[in-house]
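Okay, so here's the structure we're looking at.
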């Protein structure tokens with residue numbers, strides 16, 4: 073397995089683990105949800121930067137995801153005087169929009185013969201956008217616990233990315249995702 077795919081799978085697995093950590097300690101997220109969110113964005117930004125430097129492919133997607141996540145994490149310092157539920161929901165929506173634009177740009181690298189992989193990645197991105205929008209609306213109106221919403225968001229993001237990256241790796245030598 074190439075370092076690039078291994079780094080992607082490790083990052084996705086770390087996101088799932090961090091989501092479970094928030095699930096195990098929901099009281100921390102309910103006390104300071106902004107700090108938990110911005111810490112998670114900082115960790116994800118650091119992981120994406122490590123992936124960019126460690127892989128021999130120098131994927132621009134990793135660099136762009138680093139910039140998007142670092143911007144989301146850095147915005148917490150400037151917006152700390154505003155209500156936390158509004159800032160957190162707006163930051164989450166802006167971050168997911170940046171991630172979706174980055175993923176759409178990276179769709180051009182999928183070969184024309186891998187239409188099933190394209191459909192799977194597009195569906196996963198659509199599901200992720202829908203989940204992030206629902207979570208941000210839920211956080212804004214404080215319908216339920218913020219810690220569980222962030223847990224749901226990060227675990228879904230990690231699982232969907234793990235599936236897409238795993239299928240991307242399997243599509244190299246397999247006819248499973250080719251037509």
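In my numbering, the protein residues as written are 73 to 251.
Ideal Cβ positions, reconstructed from N, Cα and C, are used throughout, including at glycine.
When the Cα atoms are used, what is the spatial distance from residue i to residue j?
{"i": "residue 242", "j": "residue 144", "result": "32 Å"}
{"i": "residue 193", "j": "residue 238", "result": "11 Å"}
{"i": "residue 172", "j": "residue 197", "result": "7 Å"}
{"i": "residue 244", "j": "residue 99", "result": "44 Å"}
{"i": "residue 174", "j": "residue 89", "result": "24 Å"}
Given residue i, which residues of its chain have a CB within under 6 Å of its CB, disregarding the five upstream and five downstream residues?
{"i": "residue 161", "result": "208, 211 and 212"}
{"i": "residue 165", "result": "208"}
{"i": "residue 170", "result": "140"}
By Cβ distance below 7 Å, which residues in the same chain neighbour residue i in space, the five residues on each side in sequence not counted?
{"i": "residue 157", "result": "211, 212 and 214"}
{"i": "residue 121", "result": "138"}
{"i": "residue 101", "result": "94, 108, 218, 219 and 222"}
Hey, would you say residue i sits closer than 9 Å to residue j, going by beta carbons?
{"i": "residue 116", "j": "residue 137", "result": "yes"}
{"i": "residue 147", "j": "residue 114", "result": "no"}
{"i": "residue 230", "j": "residue 96", "result": "no"}
{"i": "residue 133", "j": "residue 177", "result": "yes"}
Nearest CA to the CA of residue i: which residue from the options?
{"i": "residue 35", "options": "119, 149, 78 and 112", "result": "Nothing about residue 35 can be read from this structure; the chain reaches only from 73 to 251."}
{"i": "residue 200", "options": "181, 187, 235 and 218", "result": "235"}
{"i": "residue 152", "options": "181, 106 and 79", "result": "106"}
Is there a C-beta anywhere in chain C that falls below 9 Å from the one on residue i?
{"i": "residue 158", "result": "In the structure shown, chain C does not exist; there is a single protein chain."}
Less than 8 Å between C-beta atoms, sequence neighbours within five positions excluded: which residues of the same chain meet that for residue i?
{"i": "residue 126", "result": "75 and 79"}
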